[in-house]
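K.L.:
My structure is below; once you've seen it, I'll send some questions.
In mature numbering (1 follows the signal peptide of the UniProt record, and there is no 0), the protein residues as written are -19 to -1, 1 to 636.
Structure representation (structure tokens):
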């Protein structure tokens, strides 16, 4: 018994201190690519190939991983060295079954991650250590490392890392026959990583769920899960996963007594494991085949298979595997009808079990003895993580403050520019207004005074007096309209205009405007015709009056004697439309474009030479815009003009 214990302790020491010796050189194609890259790019390229080639070409995967770690470590890229140590450890453990070398690189990844303060790689190192202790049967340590991994990945909010930690915790619970807890962890692994879930995680979780169902005796349910997973692994073209699933399907067939199909599944799995050189997978198949041979009473074949398993367990360097061989031998002999297990075999199994328990206790005591130092390292790493987080928060706050200040300055600059533009526009409007008052308003008053002086002189005949009275009346109306527009423009320019919507009669308003403009209509012998399908309006009556008077006055100004002006209204689903159409001189497209651009003093004279300032239409546009409406124009030279005023139906609420 003592010699067995020493052997196991020796194996443990070997596992903890020896790396895999390089046996393969890197392929020429990879070497050629490396020559084109700088040192850091070489490290990343080698590390990437270590991970990507782990299934297709394990030898190259391992060679690339070792080279990446050596180069990164020598150049001080500790995070990269830790990451690729984790990659290499996974490849060695799951794809090469090199337990001692895998454990070496897991410990290396842990040490490098601590030095680099890389909490992500520290979490993966813990998770990988949980994997290896699950595999070697030390469940307390496996669960402790998985818990640490989950703790770190939860702090980092790393979904992939949490999913892998859940898988390890589930495996530990399964080995302890805590089936409900195991199923819960497997489901957390699937549900917790939905956005970019890897098929490896799904496949591993499905296999775990099926193992639970198998141990619960729910063979049909387990087989369905395995068959679904087999299709997934073949889609992934992952031969290792495919072989593992075939072996487990064979196990279901074995439990159901279908030994012929079970052997077929085992042989398919064995062939795939041999192709992949997966010693761990082969070991499990050998044990399963040995039990099957016991059930079919094939003693010689069973003993040969157990011998193969024992030799492979010795190569794997895993004490738990040797114990599995002894345990399977006992089961094998119990299945044979003529033989009972030899007493010496039972004694060896008990001794080995006791020895392995001592080894596991040694492992746990060794871990506990190092716990304070490890915890100190972890505390330091966590404090540095917190410090980095605080630095990031302060940096973000500073950045946010700078952005706010920039935004305030930009807004202030924008507001200043906008106010300057408005002030410039107001000054330009003021200058134009003064120009109009000094010229366009002064000239009509001079003309009126001259007409009055001529009439007072007594030198005019009756016919001349009548003609001057007509001109005096025209000039007075024109000057009055100009004065109204100037007053309205001044009020609007200084933002004193407010709307007071109410319901009023459009028909009555048009009659009032027609009466007011009757003299101008009479002077040109014009007729004003209305066709109103909508006779009421909800808007500011005074504003609408100003708009209609200006547009109708324009229609009179640009109409030829004897023509007519048509005013109509109609209601649509969303708007009220009022149209004023004349048959006058019309406008070019260029003139239409200039109507509402605040270019005062550029108005085209009327058909009788009536002057204009251009103020009126700009006032009309502003007043209709205040009602959230708009004005459209249709015109062509010699074909008249149609002004259409559109007011929203719910004008009162909008104003």
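Just so you know, even glycine gets a beta-carbon here, dropped at the ideal spot from N, CA and C.
Please read all numbers here as calculations on a predicted model, not as lab measurements.
Based on Cα-Cα distance, which residue from 626, 302 and 394 lies nearest to residue 550?
P.N.:
Comparing Cα-Cα distances from residue 550 to each of 626, 302 and 394, the minimum goes to 626.
K.L.:
Which of the three DSSP states, helix, strand or coil, is assigned to residue 256?
P.N.:
In this structure, residue 256 counts as helix in the three-state DSSP scheme.
K.L.:
Using the DSSP secondary-structure output, state which residues sit across from residue 558 in a beta bridge.
P.N.:
Residue 558 pairs with 551 and 627.
K.L.:
In angstroms, rounded to a whole number, what distance separates the CA positions of residue 479 and residue 446?
P.N.:
About 45 Å.
K.L.:
According to DSSP, is residue 496 helix, strand or coil?
P.N.:
Residue 496 falls in the helix class under three-state DSSP.
K.L.:
Under a three-way DSSP split, which group does residue 576 fall into?
P.N.:
It is coil, neither helix nor strand.
K.L.:
What does DSSP give as the partner residues of residue 215 in its beta bridges?
P.N.:
None; residue 215 has no bridge partner.
K.L.:
Quick check: the stretch 199 to 211 against the stretch 242 to 261, are there 3 or more CB pairs under 8 Å?
P.N.:
These segments do not touch.
K.L.:
Measure the CB-CB distance between residue 65 and residue 82 and report whether it falls below 7 Å.
P.N.:
No, these two residues do not count as a Cβ contact at 7 Å.
K.L.:
Rounded to a whole number of angstroms, what is the C-alpha to C-alpha distance between residue 80 and residue 87?
P.N.:
Between residue 80 and residue 87, the C-alpha separation is close to 10 Å.
K.L.:
For residue 612, which three-state DSSP category applies?
P.N.:
Residue 612: strand per DSSP, three-state reduction.
K.L.:
Thinking residue 510 and residue 545 are a contact (beta carbons under 8 Å), I'd like their distance in whole angstroms, please.
P.N.:
So it is a contact: roughly 6 Å between Cβ atoms.
K.L.:
For the alpha helix (DSSP H) containing residue 21, name the first residue and the last one.
P.N.:
Run containing residue 21: 20 to 33, per the alpha helix (DSSP H) assignment.
K.L.:
Please give me, in chain order, every unbroken run of the beta strand (DSSP E) with length at least 3 that falls completely inside the stretch 186 to 251.
P.N.:
The qualifying runs do not exist here; there are none.
K.L.:
Taking residue 528 as part of the alpha helix (DSSP H), name the residues at either end of that continuous run.
P.N.:
First-last of the alpha helix (DSSP H) with residue 528: 522 to 538.
K.L.:
Once the 5 residues before and after residue 211 are set aside, which same chain residues still bring their CB inside 8 Å of it?
P.N.:
Only 223, 226, 227 and 230 meet the Cβ criterion.
K.L.:
In angstroms, rounded to a whole number, what distance separates the CA positions of residue 528 and residue 488?
P.N.:
Going from the Cα of residue 528 to the Cα of residue 488 covers about 15 Å.
K.L.:
For residue 563, name the three-state secondary structure that DSSP assigns.
P.N.:
Residue state, collapsed to three classes: strand.
K.L.:
Is there contact between the stretch 165 to 173 and the stretch 130 to 138, where contact requires at least three CB pairs shorter than 8 Å?
P.N.:
Verdict: no, contact absent.
K.L.:
Using DSSP with H/G/I as helix, E/B as strand and the rest coil, what is residue 483?
P.N.:
Note: residue 483 maps to strand in three-state DSSP.
K.L.:
Determine the extent of the alpha helix (DSSP H) in which residue 51 is found, giving its start and end residues.
P.N.:
Per DSSP, residue 51 belongs to the alpha helix (DSSP H) from 39 to 56.
K.L.:
What does the alpha-carbon distance come out to for the pair residue 170 and residue 186?
P.N.:
About 7 Å.
K.L.:
So does the stretch 21 to 35 actually touch the stretch 52 to 65, counting three or more Cβ pairs closer than 8 Å?
P.N.:
At 8 Å Cβ cutoff, the stretches touch.
K.L.:
Please classify residue 59: does DSSP put it in a helix, a strand, or coil?
P.N.:
Of the three classes helix, strand and coil, the one that applies to residue 59 here is helix, per DSSP.
K.L.:
What's the C-alpha gap between residue 151 and residue 391?
P.N.:
Roughly 57 Å separates the two Cα atoms.
K.L.:
Between the stretch 84 to 101 and the stretch 274 to 290, do at least 3 Cβ pairs fall closer than 8 Å?
P.N.:
No, the stretch 84 to 101 does not touch the stretch 274 to 290.
K.L.:
Only counting the same chain, and skipping five residues up and downstream in sequence, which positions put a Cβ closer than 8 Å to that of residue 235?
P.N.:
Excluding residues within five positions, the ones whose Cβ falls inside 8 Å are 243, 269, 272, 273 and 276.
K.L.:
On a CA-only basis, which of 430, 196 and 548 is nearest residue 237? Give me that one, please.
P.N.:
Per the Cα distances, 196.
K.L.:
At the level of alpha carbons, what is the spacing between residue 20 and residue 99?
P.N.:
Taking the straight line joining both Cα atoms gives about 21 Å.
K.L.:
By Cβ distance below 7 Å, which residues in the same chain neighbour residue 640 in space, the five residues on each side in sequence not counted?
P.N.:
In the structure displayed, the chain extends from -19 to 636; residue 640 sits before or after that span and is not available.
K.L.:
When you compare only the Cα positions, how much space is there between residue 497 and residue 535?
P.N.:
In a straight line, the C-alpha of residue 497 is about 14 Å away from that of residue 535.
K.L.:
Assuming residue 207 and residue 233 form a contact by the criterion Cβ under 8 Å, report the distance between their Cβ atoms to the nearest whole angstrom.
P.N.:
Contact holds; Cβ gap of about 7 Å.
K.L.:
To the nearest angstrom, how far is it from the Cα of residue 444 to the Cα of residue 570?
P.N.:
Spanning the two alpha carbons is a distance of roughly 43 Å.
K.L.:
If you count every other CB in all the chains shown that lies within 10 Å of the CB of residue 372, and 16 or more means buried, which is it?
P.N.:
Exposed is the call here.
K.L.:
Roughly how many angstroms separate the alpha carbons of residue 41 and residue 134, rounded to a whole number?
P.N.:
Residue 41 and residue 134: Cα-Cα distance of roughly 30 Å.
K.L.:
With the cut-off set at 7 Å, would you say residue 144 and residue 182 are in Cβ contact?
P.N.:
Taking 7 Å as the Cβ cut-off, residue 144 and residue 182 qualify as a contacting pair.
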